[in-house]
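Worksheet: the structure to be examined is printed underneath.
In our numbering, the protein residues as written are 75 to 383.
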């Protein structure tokens, strides 16, 4: 019965995920048509090259891949870290009761609702040589050219766009925390920072971890924002997704599939490590331990003050 009930979901996942992945893996084993060295004519079909695409990418000639790999990792670490801090701050602001809270919530969530392409065009206008950014800092910087400043432009635009997503999920976690917990902490004399560190943060940790996981997976596949904001084939901001797209647009489908498969493997390993290391917090404190594969459940509860009359 269980297999019958989940079979529609497994069928959809097989069609949408498994089949394209296997086709990409097969395509990555073929090279480009080009000239046949034996006949001197253009090949009519793609030659089978085995793992040659992967050895070329990961070998001495793969400097472009490693540049895109480090750019992708750098963007992921920096943007997700900044978004987590700013998103938690946004959630705390939206959770407080004050006049105009509905307007503040709408203003905070608007950037997340803006399509990424529109957001990139907006920030491209801001980072123009005669744009608002240069007018504010008082210096003439060509943000959309090669250099570290191009990375800064992408990071600022990405954090502005997606920090509200983390804030929204953390806000959902804040709203289920009982008010009695904070009342007990205030009676015990806990300050606001101690309440945040020992009550708020542990109780919103599951929602925060889910938000960080989603953002990590999304940032690793970053494509449209740097592509529109800065441009294609810029070493400073080229990511793995941009590299795969560039190879495919030049009709090199074998190397493009190899890049895509390496990106898929990278994302899969990050997600697997994240779930394996922090999965206990994501499922409510369940952790495996003991001999024979027995399961222990760890229940974490906030410390409550005992008030005696």
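Every residue gets a Cβ at the ideal spot worked out from N, C-alpha and C, and that includes glycine.
Since this is a predicted model, take the numbers as computed values, not measurements.
Tell me which residues share the same chain as residue 304 and place their Cβ nearer than 6 angstroms to its Cβ, disregarding the 5 neighbours each side in the sequence. Closer than 6 angstroms at Cβ, skipping near neighbours: 218, 224 and 311.
Between the region 274–286 and the region 311–322, do three or more beta carbon pairs fall short of 8 angstroms? Short answer: they don't touch.
So, residue 328 versus residue 127, is the Cβ gap smaller than 8 angstroms? Closer than 8 angstroms, so yes.
Buried/exposed call for residue 97, threshold 16 Cβ in 10 Å: A residue is called buried once 16 or more other Cβ atoms fall within 10 Å of its Cβ, and residue 97, having fewer, is exposed.
Could you say which of 345, 338 and 344 lies nearest to residue 384 if we only look at CA atoms? Limits of the chain in this structure are 75 at one end and 383 at the other, which puts residue 384 out of reach.
What did DSSP end up calling residue 122 once you bin it into helix, strand or coil? Looking at residue 122 - three-state DSSP - the assignment turns out to be strand.
Alpha helix (DSSP H) containing residue 316: first to last residue? Its alpha helix (DSSP H) spans residues 314–323.
Cα-Cα separation between residue 134 and residue 206, rounded to whole angstroms: Distance between the alpha carbons of residue 134 and residue 206 is about 42 angstroms.
Buried versus exposed call for residue 308 [16 or more other C-beta atoms within 10 Å across all chains shown]: It is buried - the Cβ of residue 308 has at least 16 other Cβ atoms within 10 Å.
Cα-Cα separation, residue 208 to residue 227: Roughly 12 angstroms between the two C-alpha positions.
Taking DSSP as the reference, what is the three-state secondary structure of residue 362? For residue 362, the predicted model reports a pLDDT of 45, less than 50, meaning its position is unreliable; a value from the coordinates is still stated below. Strand, per DSSP.
Rounded to the nearest angstrom, how far is the Cβ of residue 345 from that of residue 291, given a contact under 8 angstroms? The beta-carbon separation of residue 345 and residue 291, rounded to 6 angstroms, stays under the 8 angstroms limit for a contact.
Let me know if residue 233 comes out buried or exposed under the rule of 16 or more other beta-carbons within 10 Å of its beta-carbon. By the Cβ-count criterion, residue 233 is buried, with 16 or more other Cβ atoms from all chains shown falling within 10 Å of its own Cβ.
Around the Cβ of residue 84, are there at least 16 other Cβ atoms within 10 angstroms (buried) or fewer (exposed)? So residue 84 counts as exposed.
With distances taken from CA atoms, which of 256, 261, 168 and 348 is nearest residue 270? Ranking the options by Cα distance to residue 270, first place goes to 256.
Flag this pair as touching only if the region 190–197 and the region 159–171 have three or more C-beta atom pairs under 8 angstroms; answer yes or no. No: fewer than three Cβ pairs fall under 8 angstroms.
Is the separation between the beta-carbon of residue 240 and that of residue 161 shorter than 8 angstroms? Taking 8 angstroms as the Cβ cut-off, residue 240 and residue 161 qualify as a contacting pair.
Residue range of the alpha helix (DSSP H) that residue 271 falls in? Annotation: residue 271 is outside any alpha helix (DSSP H) and is labelled neither H nor E by DSSP.
Sequence-distant residues of its chain with Cβ nearer than 6 angstroms to residue 185 (five each side left out): For residue 185, where only same-chain residues beyond five positions count, the Cβ hits under 6 angstroms are 234, 235 and 238.
How long is the line joining the alpha carbons of residue 197 and residue 104, rounded to whole angstroms? C-alpha separation (whole angstroms): 39 angstroms.
Just grab the DSSP bridge partners of residue 104 for me. 122.
Residue environment, residue 119, which counts as buried when at least 16 other CB atoms sit within 10 Å: Exposed: under 16 other Cβ atoms inside 10 Å.
Pick from 314, 187 and 140: whose alpha carbon is nearest that of residue 330? Of the candidates 314, 187 and 140, the one whose C-alpha sits nearest the C-alpha of residue 330 is 314.
Rounded to whole angstroms, what's the CA-CA distance from residue 100 to residue 157? Just pull it up for me. Cα to Cα, residue 100 sits roughly 37 angstroms from residue 157.
Output the distance between the C-alpha atoms of residue 296 and residue 144, rounded to the nearest integer angstrom. About 13 angstroms.
Where residue 246 and residue 281 are concerned, what is the direct C-alpha to C-alpha distance, given to the nearest angstrom? Whole-angstrom Cα-Cα distance: 8 angstroms.
Between which two residues does the alpha helix (DSSP H) harbouring residue 83 extend? Here the alpha helix (DSSP H) through residue 83 covers 76–87.
Unbroken beta strand (DSSP E) runs of length 3 or more, entirely within the region 119–199: which are they? Complete beta strand (DSSP E) runs here, min 3: none at all.
With DSSP run on the structure shown, which of helix, strand or coil describes residue 310? Assigned with DSSP and collapsed to three states, residue 310 falls in coil, not helix or strand.
Considering only residues of the same chain and omitting the five flanking positions on each side of residue 277, which have a CB-CB separation below 6 angstroms? Cβ neighbours of residue 277 beyond the five flanking positions: 251.
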